[in-house]
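S.K.: Chains as they are written, first to last, in this note's numbering: chain H, 1 to 206; chain W, 207 to 412. Just so it is clear, CB atoms sit at the ideal spot from N, CA and C, and this is done for glycine as well. Computed from a predicted model, the values in this text were never measured in an experiment. The following block contains the structure, expressed as structure tokens.
2 protein chains.
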Amino acid sequence: MDMEKFIVDFEKQCNKTKRKVFSKGETITTYIRGRQQVCILLEGTADLIRCERSGDRIIVDHFSKNDVFGEVFYNITTNRELFVEAKQKCTVLFFVYDNIVTKCKQNCRFHKELVASFSELMLDKITLQNTRVELLSKRSIREKLITYFKMISSKNFTNSFTVPFSLTDLADYLCVDRSAMMRELKMLKEEGFIEKIGNKITMLSQ
Amino acid sequence: MDMEKFIVDFEKQCNKTKRKVFSKGETITTYIRGRQQVCILLEGTADLIRCERSGDRIIVDHFSKNDVFGEVFYNITTNRELFVEAKQKCTVLFFVYDNIVTKCKQNCRFHKELVASFSELMLDKITLQNTRVELLSKRSIREKLITYFKMISSKNFTNSFTVPFSLTDLADYLCVDRSAMMRELKMLKEEGFIEKIGNKITMLSQ
DNA sequence: ATATGTCTGTTGCATTTGCAACAAATTATG
DNA sequence: CATAATTTGTTGCAAATGCAACAGACATAT
């Protein structure tokens with residue numbers, strides 16, 4: 001699908017969209033029950049974060065160009081528990097889910113395409129989410145790390161890559177304790193599974 | 207959305223669907239790279255299972271009436287690593303993802319509805335998957351159990367419920383060791399957080 | 001009714017993980 | 001450039017988890 005074209009068309013046709021730019025560290029949106037907002041990330045990277053009462057901070061999702069997020073994808077129970085934070089300068093398109101579904105009852109060509117494109121977006125999202133579940137289903141930090149590294153390296157077609165998180169954030173993404181993760185990284189290095197210079201990892205010994 | 211109507215219509219209109227009945231324990235499908243099969247569970251319950259080389263068995267997903275599954279939702283790397291197993295007698299509708307997207311280029315009313323209905327299905331799926339991620343993101347067995355119990359009880363509007371898994375399967379669903387989970391259940395009981403008779407749980411002390 | 005298999009429940013022990021605290025390195029910021 | 005803030009890297013120790021092994025309960029099949 002041509003996401004680029006879809007988004008441009010969408011913005012042109014639908015006067016109910018809003019476009020906004022955020023700088024690093026800003027909160028792009030907090031999730032609010034009943035609002036049904038949909039956001040498309042046009043530029044930059046951002047994280048969906050949940051802060052637990054326990055103090056744990058979970059990176060629930062990591063978004064880059066063309067990713068969709070917003071309340072439609074969640075059962076929101078508590079307002080403002082979930083929020084999206086810009087990791088770099090971000091451009092975001094906001095609209096309401098209703099615009100997609102409701103208007104489609106009219107028979108215009110545009111909205112037919114819109115629904116189809118949105119389906120594709122969602123399919124991608126489900127696929128991504130499933131790899132996330134796979135990651136979290138691993139029972140040890142070591143397995144999580146190895147699985148995660150394999151995912152990146154197969155996506156990038158190379159055994160050397162830079163982790164797209166800080167290591168602190170990676171721990172939150174894998175839902176493990178940072179120092180325990182560092183320890184495991186050290187052991188993986190010592191045992192010759194990986195090379196590591198800062199956030200740059202090379203996988204050895206397939 | 208009226209899923210019932212959607213499915214009946216779909217089956218009537220599209221001669222490329224197949225309907226099949228499975229009995230308890232049978233394998234409904236294994237995931238095969240490139241096939242793009244979509245399945246809708248019309249009746250019964252089934253689990254999506256991954257068997258790891260480590261011997262761990264993960265219940266990746268748990269399906270009931272009207273749930274969708276199939277290769278479209280996954281990045282399949284290894285054939286037959288993922289498979290869906292009937293937990294009770296199941297009726298399943300099979301079709302190919304192509305039928306949805308491709309035919310939509312014709313302007314028939316039916317396919318427009320089909321795409322819209324499918325979007326709704328996917329949205330539900332994403333929402334469910336996100337609660338699954340929330341569950342797996344919890345760092346201790348205790349938190350996973352409590353979160354899971356809260357999810358069930360809020361879904362059922364009651365503090366007493368029967369876990370829809372065997373306890374063995376629940377451990378696989380929460381991705382933890384069974385005996386460790388049993389130990390934690392025992393402690394939760396002793397500390398007065400829950401009552402427990404077999405698979406029947408009552409949550410005390412909100 | 002008996003045997004077979006699966007599920008529940010339990011426990012001791014080894015391993016893994018989280019926690020806390022700190023130093024060094026790196027990155028932002030006035 | 002200097003200072004503050006964040007991130008990386010490390011470690012000892014306590015707590016949580018996984019592993020293994022077993023007994024009893026329950027269900028299913030012969």
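(1) M203/H and F157/H look like a contact to me (Cβ under 8 Å); what is the Cβ gap, rounded to whole Å?
(2) By the three-class DSSP mapping on this structure, what secondary structure does F149/H have?
(3) Below 8 Å on the Cβ atoms is my guess for T236/W versus R286/W; work out the distance and round it to an integer in Å.
(4) Given 8 Å as the limit, tell me if C381/W has its C-beta closer than that to any heavy atom belonging to the ligand ATP.
(5) I'd like to check one pair, L41/H with V92/H: are the Cβ atoms closer than 9 Å?
(6) Who are the neighbours of Q129/H on chain W, taking C-beta pairs under 8 Å?
(7) Below 9 Å between beta carbons: does that hold for K226/W and Q294/W?
(8) Just to confirm, is the Cβ distance from V96/H to K16/H under 9 Å?
(9) From what residue to what residue does the beta strand (DSSP E) around I407/W run?
(10) Quick check on the DSSP output: the beta strand (DSSP E) that includes V60/H runs from which residue to which?
(11) Looking at C-alpha atoms only, which residue of V214/W, S270/W, I358/W and K361/W is the closest neighbour of C296/W?
(12) Chain W beta carbons: is any one of them nearer than 9 Å to that of L136/H?
(13) G276/W: buried (16+ other C-beta within 10 angstroms of its C-beta) or exposed?
(14) Flag this pair as yes or no: are the beta carbons of L288/W and L329/W separated by less than 9 Å?
(15) Please state if the CB of L380/W and the CB of M388/W are separated by a distance shorter than 9 Å.
(16) Grab me the residues of V60/H's own chain with a C-beta within less than 6 Å of its C-beta, minus the 5 sequence neighbours each way, in chain order.
(17) If I'm right that N199/H touches L167/H with Cβ under 8 Å, what's the distance once you round it to whole angstroms?
(18) Let's test the definition: count the other Cβ atoms within 10 Å of the Cβ of D172/H and tell me whether it reaches 16, buried, or not, exposed.
(19) Using Cβ-Cβ distances below 7 Å, what residues of the segment 47 to 78 of chain H are close to chain W?
(20) Flag D177/H as yes if its beta-carbon sits less than 9 Å from any beta-carbon of chain W, otherwise no.
(21) Can you name the residues of chain W whose CB is closer than 8 Å to the CB of F118/H?
(22) At 9 Å on the CB atoms, spell out the chain H contacts of L329/W, in chain order.
(23) Please check if any C-beta of chain H sits within less than 9 Å of the C-beta of S360/W.
(24) List the residues that DSSP assigns as beta-bridge partners of K402/W.
M.R.: This is what the structure holds:
(1) If you number the first sequence from 1, residue 203/H lands on position 203. If you number the first sequence from 1, residue 157/H lands on position 157. Not really, about 12 Å apart at Cβ, beyond 8 Å.
(2) By 1-based counting over the first sequence, the position of residue 149/H is 149. Helix, per DSSP.
(3) Within the second sequence, numbered from 1, the residue matching residue 236/W stands at position 30. Within the second sequence, numbered from 1, the residue matching residue 286/W stands at position 80. Right, their Cβ atoms sit about 4 Å apart.
(4) For the structure depicted, the ligand ATP is absent and the ligand set is empty, with no information on it obtainable.
(5) Numbered from 1 along the first sequence, position 92 holds the residue referred to as residue 92/H. Numbered from 1 along the first sequence, position 41 holds the residue referred to as residue 41/H. The answer is yes: Cβ separation under 9 Å.
(6) Against the first sequence, residue 129/H aligns to sequence position 129. Under the 8 Å cutoff, chain W gives I332, Q335, N336 and V339.
(7) Looking up residue 226/W in the second sequence gives position 20. Looking up residue 294/W in the second sequence gives position 88. No.
(8) As a working note, residue 96/H is residue 96 in the first sequence. As a working note, residue 16/H is residue 16 in the first sequence. Their beta carbons are under 9 Å apart, which means V96/H touches K16/H by this criterion.
(9) By one-based count along the second sequence, residue 407/W stands at place 201. That run of the beta strand (DSSP E) goes K406 to M409.
(10) Counting from 1 along the first sequence, the entry for residue 60/H is found at position 60. Segment R57 to F63, the beta strand (DSSP E) holding V60/H.
(11) As a working mapping, residue 296/W is identified with position 90 in the second sequence. C296/W has its Cα closest to that of S270/W, out of V214/W, S270/W, I358/W and K361/W.
(12) Stepping through the first sequence from its first residue, residue 136/H is reached at position 136. Chain W contact via Cβ: present.
(13) The residue given as residue 276/W occupies position 70 in the second sequence. Counting Cβ neighbours within 10 Å, G276/W comes out buried, since at least 16 surround it.
(14) The sequence position of residue 288/W within the second sequence is 82, counting from 1. The sequence position of residue 329/W within the second sequence is 123, counting from 1. It is not a contact, given that the beta carbons lie outside the stated cut-off.
(15) Taking the first residue of the second sequence as position 1, residue 388/W is located at position 182. Taking the first residue of the second sequence as position 1, residue 380/W is located at position 174. No; because the gap between Cβ atoms is not below 9 Å, this pair is not in contact.
(16) Counting from one through the first sequence, the residue named residue 60/H turns up at place 60. Closer than 6 Å at Cβ, skipping near neighbours: L48 and R50.
(17) Here residue 199/H refers to the residue found at position 199 of the first sequence. Here residue 167/H refers to the residue found at position 167 of the first sequence. Correct: roughly 6 Å between the Cβ atoms.
(18) Counted from its first residue, the first sequence places residue 172/H at position 172. Buried is the call here.
(19) D56, I58, V60, V72, F73, Y74 and N75
(20) Working through the first sequence from its first residue, we reach residue 177/H at position 177. With 9 Å as the cut-off, D177/H counts as an interface residue toward chain W.
(21) One-based indexing of the first sequence puts residue 118/H at position 118. Result: S325.
(22) As a first step, residue 329/W must be located in the second sequence, where it is residue number 123. What L329/W touches in chain H: V72, F73, Y97 and M122.
(23) Stepping through the second sequence from its first residue, residue 360/W is reached at position 154. Closer than 9 Å to some Cβ of chain H, the Cβ of S360/W qualifies, so yes.
(24) The sequence position of residue 402/W within the second sequence is 196, counting from 1. Answer is I407/W.
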